[in-house]
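Participant:
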Amino acid sequence: MGQKVNPRGFRLGITEEWRSRWYEEKNYSHHLHEDFRIRQFLEEKFRRAGVSKIVIERAVNKIRINVFAGRPGIAIGKKGDTIGRVKKDLDKLTGDANVFLNVQEITQPDLDAKLVADKIAFQLQRKTGTKRIVREAITRVMSAGAEGVRITCKGRIAGAEIARKEWMKEGRIPLHTLRAKIDYGCATSHTSYGCIGIKVWIFTGEVLPTLPEEKFDNETSAEKSKLQKSSEG
771 MGQKVNPRGF
781 RLGITEEWRS
791 RWYEEKNYSH
801 HLHEDFRIRQ
811 FLEEKFRRAG
821 VSKIVIERAV
831 NKIRINVFAG
841 RPGIAIGKKG
851 DTIGRVKKDL
861 DKLTGDANVF
871 LNVQEITQPD
881 LDAKLVADKI
891 AFQLQRKTGT
901 KRIVREAITR
911 VMSAGAEGVR
921 ITCKGRIAGA
931 EIARKEWMKE
941 GRIPLHTLRA
951 KIDYGCATSH
961 TSYGCIGIKV
971 WIFTGEVLPT
981 LPEEKFDNET
991 SAEKSKLQKS
1001 SEG
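Here's what the structure looks like:
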């Protein structure tokens, strides 16, 4: 199960949160398509800023958009002129709703799977060796504090006539462990030979607290004593 499903969707409500946060009964499909258009528009406008994720929150006639980027200065622009123009375009796109646009910086870009995948895709377009690029990316991720990383490239790698898949891994990636914090990102590199798909998994540790063994043993012994007393009575 963990090998096939998207790691983020598999852990929603446990270690991951929804990226569209709103409730609607009548206009659900309208808001859903509008969210898709907003994300598509912002990813195109802020392409050079390194967008990792976009979180959209809705209230009555209000839309709050949080853009998480590796280079927020490019998205904001000089004296905020870039983000000002983008906000005006969003007002036209969303109609009567009041749009609040916020750009936040990703403090550790080497631990963000989407940014790592985008960087690999950009380097592959410059016809650099695939194995060298992936090996350098893994080194950066592990040096940033990750406990495990896996990178997969699939397509006509190095201009080969037959498409193939290559992958490299370091550390551990517990895909079946729901409490494991695993960031997943993918990107497409448009090379002169064709498209190459890149997938990145980064494991940064387990986030849910575990029950100490001593406390568990004490609770178990207490339950056993209660059962014995009830059976004797």
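Throughout, our numbering is defined as the position within the sequence shown, counted from one, plus 770. Backbone N, C-alpha and C define an ideal beta-carbon position, used for all residues, glycine too.
1. Rounded to the nearest angstrom, how far is the Cβ of residue 900 from that of residue 928, given a contact under 8 Å?
2. Return helix, strand or coil for residue 975, following the three-state DSSP convention.
3. My understanding is that residue 916 touches residue 974, with C-beta atoms under 8 Å, so please give their C-beta distance in whole angstroms.
4. I need the boundaries of the alpha helix (DSSP H) containing residue 855, first residue and last residue.
5. Is it buried or exposed, residue 819, if we count other Cβ atoms within 10 angstroms and call 16 or more buried?
6. On the CB-based measure, 16 or more other CB atoms within 10 Å of its CB, does residue 877 come out buried or exposed?
7. State whether the region 852–859 contacts the region 929–938, with contact taken as three or more CB pairs (one from each stretch) at a distance under 8 Å.
8. Run through the DSSP bridge pairs and tell me what residue 1009 is partnered with.
9. Please state whether the Cβ-Cβ distance between residue 884 and residue 939 is less than 8 Å.
10. Among the candidates 965, 911, 912 and 947, whose CA atom is the shortest distance from the CA of residue 935?
11. Can you check which of these residues, 957, 977 and 805, is closest to residue 970 by C-alpha distance?
Facilitator: Short version:
1. 6 Å
2. strand
3. 6 Å
4. 851–864
5. buried
6. exposed
7. no
8. Lying before the first or after the last residue shown, residue 1009 is absent from the chain, which here runs from 771 to 1003.
9. no
10. 965
11. 957
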